Each structure stands twice: as C-alpha cells, then as structure tokens.
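A.B. asks: The sequence shown runs 1 to 56 under the working numbering.
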Amino acid sequence: MPWTPNDAERHTHKATTPALQELWAKVANEALERTGDEGRAIREANAVIARQADAS
C-alpha cells in the first residue's frame with residue numbers, strides 16, 4: 001500500500017510542512033518499489049527529510 005503525505009507525520013516529526021510531507025511520501029514509495037522492504041523505505045524517507053530539515 002503506497003504511503004500518502006498524511007502518513008509522514010506518523011513516521012517522522014521533521015516533516016512539518018506540506019512540501020516535506022509530499023517529499024517523504026514520494027521517497028518512501030519509490031524506495032518501497034525499489035526494495036520491497038517497508039522498514040527500509042521508511043528509514044530512507046526519514047533520512048531524506050532529516051537532511052532537508054537540517055538544510056533549511
């Protein structure tokens with residue numbers, strides 16, 4: 001089941017804006033499609049959001 005931007009809040013507190021939530025969902029869904037591993041997909045999306053949040 002693909003993730004939506006609304007799911008980002010449940011997995012990371014750093015996705016505080018709609019743009020970050022959209023990015024989280026995009027990265028998580030792409031990683032899930034690529035690896036088939038939900039846990040890894042969430043970790044990858046969280047890492048991307050953490051880097052984005054730190055950069056801004």
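C-beta atoms are modelled at their ideal positions from N, C-alpha and C, and glycine is treated no differently.
Treat the numbers as computed from the prediction; the structure is a model and nothing was measured.
1. If you draw a straight line from the C-alpha of LEU58 to the C-alpha of GLY36, how long is it?
2. Return the first residue and the last residue of the alpha helix (DSSP H) that ASP54 is part of.
3. Identify, in the order they occur along the chain, each residue of the same chain with its Cβ nearer than 7 Å to the Cβ of LEU32, setting aside the five sequence neighbours on each side.
4. According to DSSP, is HIS13 helix, strand or coil?
C.D. replies: On the basis of the data shown:
1. One cannot answer for residue 58 here, as it falls past the ends of the chain, which runs 1 to 56.
2. 38-55
3. GLU38, ALA41
4. coil
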